[in-house]
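**Q** Numbering (this note's numbering), first residue to last: 37 to 361. C-beta atoms are modelled at their ideal positions from N, C-alpha and C, and glycine is treated no differently.
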Amino acid sequence: VENFESESVISINNSLYAKTPEALEELLGKLRSIGYAIKDLRKAEHREVSIAEMEKTGWSLWFASLKNIQMGKCNSCHSLIKTNGIRSHGHKCEVCGAVTYYDVLDGSVVKFSFNTERYRDLFFQPKICFIAKFWDAENAALYLYPDPVLNDSLPDNDQRTKKYLQENKKFWRYVEKDGQRLILIKYANTGFVKDSDINMIDINGRQYNHSIVRVWQGKEYPEYGDFPVPETLNIYESWHWAPLQPTPTLHERILTAVNMVSDIGYYYQDGRPVFCKKTGKKWPSSYATSHHLMSLPLINPGLTSVAAALAVSMILLNFVTRTRM
Ligand SMILES: [Zn+2]
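Shown next, in the form of structure tokens:
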């Protein structure tokens, strides 16, 4: 993974610390040239602190992110397609026309409550389960096989289900479709109560005919996992505050930079290590291992004074010993 580190740029997790204005210019230029969109956080709309304060206390001043790298991939024709709507029921691939996703298919098990005033505020609403036949999403018409699925582990389930169905008779009716007797219910997946007579709780049997991939510089990568560069980067201008001087809270500043908590009570107290020594990837997320921790880039002659580095190393050594990393 490219981490953009150089003599004048320090990389910690997904953060980059530019040591000089020239290094920053060069870094931003490099990031732009390979497709990052750069946001100037000095111009952020909802900033609560002054720019002078941001600089002095070491806020991130730039944000770099890769835009539009997510694409869909049709399972039928294997083309890269847009992700818009790709996970809505019946959406069609723009290349071959195959449906990319079905929410409900013949045989899907649907569990829902009727949208009755009487039960709306109850936390444990009565629910009912059916096997679906077909969903016409555009017309908010959900067709179900007429017999509800019973949960035999509940006593009187048969009676109670029948009663529940009868109580809510105004929300459903029997229809004939292709010579088959089905139940028709008004259901749209719009998120608005008025568009549905039921509140869908669970659908079992969704069908995906696509995957999501990430595409960068002509290469395809899985939705999650390995990717050659960070998707987002926080960029800091360290010349406003470096080198850090010894203060009672310096260790907190340094631990925060690797997403760690300085309160020892936060970590396991029974001797279990906080971080996996091999991958360094246990909760909390950070690549810090004891080795990394002792050589944190922030304790770098460029960013921290020698006296501060010594002081903080002592604190961290104590920290490492006590958390048994
Ligand atoms: Zn296709």
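For a minimum of 4 consecutive residues, which ranges assigned as the alpha helix (DSSP H) are wholly contained in the stretch 163-246?
**A** Runs found: 193-203.
**Q** Taking G108 and I122 to be in contact with their CB atoms under 8 Å, please state how far apart those CB atoms are, rounded to whole angstroms.
**A** Your numbering for residue 108 matches position 72 in the sequence shown. Your numbering for residue 122 matches position 86 in the sequence shown. Confirmed, about 4 Å.
**Q** Does the Cβ of C113 lie closer than 8 Å to at least one heavy atom of ligand 1?
**A** Here residue 113 corresponds to residue number 77 of the sequence shown, with the count starting at 1. Because some heavy atom of ligand 1 lies under 8 Å away, the Cβ of C113 counts as near it: yes.
**Q** What does the Cβ neighbour count give for V85, buried or exposed, with the cut at 16 atoms within 10 Å?
**A** The count along the sequence shown starts at 1 and reaches residue 85 at position 49. So V85 ends up on the exposed side.
**Q** Which residue marks the beginning of the beta strand (DSSP E) containing G108, and which one marks its end?
**A** The sequence position of residue 108 within the sequence shown is 72, counting from 1. Where G108 is concerned, the enclosing beta strand (DSSP E) stretches over Q106 to C110.
**Q** Have a look at V37 and D142 and give me their C-alpha separation to the nearest angstrom.
**A** Here residue 37 refers to the residue found at position 1 when the sequence shown is read from its first residue. Here residue 142 refers to the residue found at position 106 when the sequence shown is read from its first residue. So the alpha carbons of these two residues sit roughly 45 Å apart.
**Q** First and last residue of the alpha helix (DSSP H) that includes K92?
**A** Residue mapping note: residue 92 aligns to position 56 of the sequence shown, counting from 1. Start and end: I87 to K92.
**Q** Take every Cβ of the stretch 270-288, pair it with every Cβ of the stretch 191-203, and state whether three or more of those distances are shorter than 8 Å.
**A** no
**Q** Which first and last residues belong to the alpha helix (DSSP H) in which T378 is found?
**A** The requested residue 378 does not occur in the structure, where the chain is confined to residues 37 to 361.
**Q** Between which residues of its own chain and D231 is the CB-CB distance below 7 Å, once the five residues before and five after are set aside?
**A** In the sequence shown, residue 231 corresponds to position 195, counting from 1. Excluding positions up to five away in sequence, the list reads A176 and A224.
**Q** Taking 8 Å as the threshold, find out whether the stretch 228-248 comes into contact with the stretch 101-118 through three or more Cβ pairs.
**A** Output reads yes: the stretch 101-118 touches the stretch 228-248.
**Q** State the DSSP-derived secondary structure class of S431, mapped to helix, strand or coil.
**A** The first residue shown for the chain is 37 and the last is 361, placing residue 431 beyond what the model contains.
**Q** Rounded to the nearest angstrom, what separates L77 and E58 at their Cα positions?
**A** The residue labelled residue 77 in the question sits at position 41 within the sequence shown. The residue labelled residue 58 in the question sits at position 22 within the sequence shown. Their backbone Cα atoms lie some 18 Å apart in a straight line.
**Q** For A54, which of helix, strand or coil comes out of DSSP?
**A** To locate residue 54, count along the sequence shown from 1; it is residue 18. Residue state, collapsed to three classes: strand.
**Q** Within the chosen definition, does the stretch 257-265 reach the stretch 205-221 through at least 3 CB pairs nearer than 8 Å?
**A** no
**Q** If you draw a straight line from the alpha carbon of I46 to that of W252, how long is it in whole angstroms?
**A** For the purposes of this step, residue 46 is taken as residue 10 along the sequence shown, with counting starting at 1. For the purposes of this step, residue 252 is taken as residue 216 along the sequence shown, with counting starting at 1. Straight-line Cα distance between these residues: approximately 24 Å.
**Q** Please indicate yes or no: does the CB of I362 lie closer than 8 Å to some heavy atom of ligand 1?
**A** What the structure shows of the chain is the stretch from 37 to 361, and residue 362 is not part of that stretch, so it cannot be assessed.
**Q** Count the other C-beta atoms from every protein chain shown that fall within 10 angstroms of the C-beta of A293, then say buried if there are 16 or more, exposed otherwise.
**A** Here residue 293 refers to the residue found at position 257 of the sequence shown. A293 comes out buried.
**Q** Could you work out which residue in E267, P284 and K55 is closest to G71 when comparing CA atoms only?
**A** For the purposes of this step, residue 71 is identified with residue 35 of the sequence shown, where counting begins at 1. Of the candidates E267, P284 and K55, the residue whose Cα lies closest to the Cα of G71 is E267.
**Q** N151 and D233: beta carbons closer than 9 Å?
**A** As a first step, residue 151 must be located in the sequence shown, where it is residue number 115. As a first step, residue 233 must be located in the sequence shown, where it is residue number 197. Yes, they are a contact pair.
**Q** If you follow the alpha helix (DSSP H) that I70 is in, where does it begin and where does it stop?
**A** As a working note, residue 70 is residue 34 in the sequence shown. Segment: none, I70 is in no alpha helix (DSSP H) and carries neither H nor E.
**Q** Shortest alpha-carbon distance to V184 belongs to which of A54, I219 and D172?
**A** One-based indexing of the sequence shown puts residue 184 at position 148. Note that residue 184 corresponds to Pro in the displayed sequence, not to Val. Out of A54, I219 and D172, I219 has the C-alpha closest to the C-alpha of P184.
**Q** Does the Cβ of Y244 have 16 or more other Cβ atoms within 10 Å, making it buried, or fewer, making it exposed?
**A** Position 208 of the sequence shown holds residue 244. Y244 is exposed by the Cβ-count criterion.
**Q** For K66, which of F263, S101 and I87 has the nearest alpha-carbon?
**A** Position 30 of the sequence shown holds residue 66. Selected option, being the one with the closest Cα: S101.
**Q** If you draw a straight line from the alpha carbon of R83 to that of L180, how long is it in whole angstroms?
**A** In the sequence shown, residue 83 corresponds to position 47, counting from 1. In the sequence shown, residue 180 corresponds to position 144, counting from 1. If you draw a straight line from the Cα of R83 to the Cα of L180, it comes to about 52 Å.
**Q** Would the beta-carbon of F132 be found less than 8 Å away from any heavy atom of ligand 1?
**A** Working through the sequence shown from its first residue, we reach residue 132 at position 96. What sits at residue 132 in the sequence shown is Cys, not Phe. C132 Cβ: within cutoff of ligand 1.
**Q** Contact defined as beta carbons within less than 8 Å: I believe G227 pairs with S144. What is the distance between those atoms, to the nearest angstrom?
**A** To locate residue 227, count along the sequence shown from 1; it is residue 191. To locate residue 144, count along the sequence shown from 1; it is residue 108. Not confirmed; about 20 Å, so no contact.
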